[in-house]
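The sequence shown maps to residues -27 to -1, 1 to 465 in mature numbering (1 follows the signal peptide of the UniProt record, and there is no 0).
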Amino acid sequence: STPRLFTTPMVLLIQLTLLVCYYNSLAEERAADGKFTVSDIDPYKCTHLIYAFSDINTDNELVPTSAADIPRYHSFNELKTSNQELKTLLSVGGITFNKQKFSGMVGSVQQRQAFIQSAIELLRQYGFDGLNIDWRFPESVLDKQGFTSLCQDLKDGFQSEAISTGNDRLLITASVSPEKDAIDAGYEVAEISASLDFINVLTFDFHGPWEGVTGHHSPLYRGSQDTGDQIYSNTDSAMQYWMDQGAPAPLLNLGLAAYGRAFNLSSLSTDVGAPANGAGEEGCYTGEDGFWGHNEAEIITLTCLYTEGATVQLITDQMVPYAVTENQWVGFDNRESLGTKVSYLREKNFGGAVVWSLDLDDFDGKFCNQSDSPFISHLNDLILTPNTITTTIITPTTTQTLTTTQPLYTMIPTTIQSTTTTTTPATTPTSTTTILTTTTTTSGYCIDNDDGIYPNPDDIFSFLQCTNKETVVHQCQPGLRYRANCTCCDWR
């Protein structure tokens, strides 16, 4: 058809889905086929890579965990020379981190500022795009309030640094507990959501050998046998609770575990809830009892089915599988359950998924007779393969529908020449966007400004459109914020 020039602003709405992947630097120290280095990372599999972990010193400064991290920082960030769309984050904290270091650091303005300034220096020096705070269990009221203050101060500090240097603002992200009690005790959800670019909800390890009975560590839904507080110990309940407390769905990434949790069965029963005598056999590379990566012999037997005798069952109410061989019971995720979880996160409009961790996959393809990193590769296919998305162009007198596969965020260009076209992507799922909420105001903002798009000085979740001295307020979609540097609504 004939090209048509639209000289007034338009809105193009397309949803971004993230695949955030942890790199566990301790895997560099493993033996033989378990050794995983930065050179083993495919820079195209994930949208964001998180380097785990860094440390906090006695001066409340962000520092490398050891001298060995320094060359790894360089190699890690050099991955972006291959994929310039890749974002890298440095994480501090983790499940075994000394939480007193967090408590001390957030305890005063001066201590938080020492941390923030050192974080800016370290991140810029080595080329990271942002910071990940992995404070899993803030416990006291002071910790809870301090975490909120830290997030707010990081936002202010990173924004000020970006303005003064002209650099893109460093990203601020958090990895958090999925457990209701921990959420209630540790997080002012609505307040931290206003400061963070995204939140990784680590929806795994709900159950494990410590409970004395078998149970899947990362169920999607509540199980029929769950009672009491256990009704909250599942992915759906955790994600819903984070939203109920004030976190916008697009800000949340759903946690996925690239490992299984194994139990020693202590009876002939093999069902969910069967008696268990502690953790299963240790992983041959991780060395942790009952913790099996997809590259370890025990889970290979069960998930790749190299040997006979393994029985795989679906927990139908929780939509995840487990397998049994001899006296070993292990819960894990396979292609089918990953597909179900990705469909769920799309249905709920979550921002994406976060995976722990790259080194636990069959990263060199030696064991499963599949591609390198089959777990991550399958997630990449499910999450990042472009979808056909219907978008709507809005002008005062014309509405036109286009089909496209790009870009990955809400764009607001000021002038566009457009032709009706159709592109067939690799897969065919379709999602339809909604129109931004707009309000015409009598505000005098546009009296002294040219026609165009401007940040709303009173609301980061909206932007202003000036047309013929008239001011129009456009609300971004829920969870998105207006970014002047890209003229877009974005949550990154």
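Glycine residues also receive a C-beta, built at the ideal position from the N, C-alpha and C atoms.
State buried or exposed for residue i, treating a residue as buried only when at least 16 other CB atoms are found within 10 Å of its CB.
i      : result
HIS21  : buried
LEU409 : Because the pLDDT at LEU409 is just 49, under 50, the model does not fix this residue reliably, and the point stays unresolved.
ALA4   : exposed
TYR17  : exposed
SER344 : exposed
LYS339 : exposed
ASP32  : exposed
THR388 : Confidence at THR388 is low in this model, with a pLDDT of 35, below 50, so the placement of that residue should be treated as unreliable; the coordinate-derived value is given next. When all chains shown are included, THR388 counts as exposed.
ALA40  : exposed
ASP116 : buried
GLY260 : exposed
GLN86  : exposed
VAL82  : exposed
GLN286 : exposed
LEU311 : buried
ASN105 : buried
ARG454 : buried
VAL293 : buried
Three-state secondary structure (DSSP) at residue i?
i           : result
ASP102      : coil
GLN448      : strand
VAL245      : coil
PHE70       : coil
GLY233      : strand
PRO223      : helix
residue 467 : Coverage of the chain is limited to positions -27 through 465, which leaves residue 467 absent and any answer about it impossible.
ARG109      : coil
PRO347      : helix
SER391      : In this prediction, SER391 has a pLDDT of 32, which is less than 50 and means its spatial position is unreliable; what the coordinates show is noted afterwards. In the structure shown, SER391 sits in a strand (DSSP, three-state: E or B).
GLU164      : helix
LEU381      : Note on LEU381: pLDDT 33, under 50, position unreliable in the model; the coordinate value appears next. Coil at LEU381, not helix or strand.
CYS419      : helix
GLY263      : coil
GLU1        : helix
residue 475 : This structure leaves residue 475 out entirely; the chain is present only between -27 and 465.
ALA283      : coil
SER81       : coil
GLU94       : helix
TYR205      : helix
LEU35       : strand
LEU355      : helix
LEU143      : coil
residue 483 : Look at the range of the chain in this structure, -27 to 465, and you will see that residue 483 is not part of it.
PHE434      : coil
Under a CB-based cut-off of 8 Å, is residue i close to chain D?
i      : result
ASN207 : In the structure shown, chain D does not exist; there is a single protein chain.
Is the CB-CB distance between residue i and residue j below 8 Å?
i           : j      : result
PHE101      : LEU63  : yes
HIS190      : ALA230 : yes
ILE356      : VAL297 : no
ALA235      : VAL186 : no
GLY266      : GLY253 : no
GLY103      : PRO223 : no
ASN268      : ASP42  : no
VAL65       : ASP107 : yes
residue 475 : GLN291 : In the structure displayed, the chain extends from -27 to 465; residue 475 sits before or after that span and is not available.
CYS449      : CYS462 : yes
PRO428      : PHE434 : no
GLU112      : ALA158 : yes
PHE110      : ALA155 : yes
TYR(-5)     : TYR46  : no
SER48       : VAL11  : yes
THR289      : LEU193 : no
PHE70       : GLU34  : no
THR61       : TYR24  : yes
ALA(-1)     : ASP332 : yes
LEU318      : LEU227 : yes
ILE349      : VAL327 : no
LEU143      : LEU96  : yes
Which stretch, first to last residue, makes up the alpha helix (DSSP H) that contains residue i?
i           : result
ALA326      : No alpha helix (DSSP H) holds ALA326; the beta strand (DSSP E) holding it covers 325 to 329.
PRO44       : 42 to 51
TRP215      : 208 to 217
TYR317      : 308 to 320
residue 467 : Past the boundaries of the shown model lies residue 467; the chain is included only from -27 to 465, so the question cannot be answered.
ILE156      : 153 to 159
Looking at the unbroken beta strand (DSSP E) that takes in residue i, where does it start and where does it end?
i      : result
SER171 : At residue 171 the sequence reads Phe, which differs from the Ser that was named. Where PHE171 is concerned, the enclosing beta strand (DSSP E) stretches over 171 to 174.
GLY188 : Run containing GLY188: none; DSSP gives neither H nor E here.
PHE26  : 21 to 29
Any 3 or more C-beta pairs closer than 8 Å across the region 204 to 211 and the region 146 to 162: yes
Three-pair Cβ contact test at 8 Å for the region 70 to 79 versus the region 111 to 123: yes
Three-pair Cβ contact test at 8 Å for the region 125 to 136 versus the region 175 to 182: no
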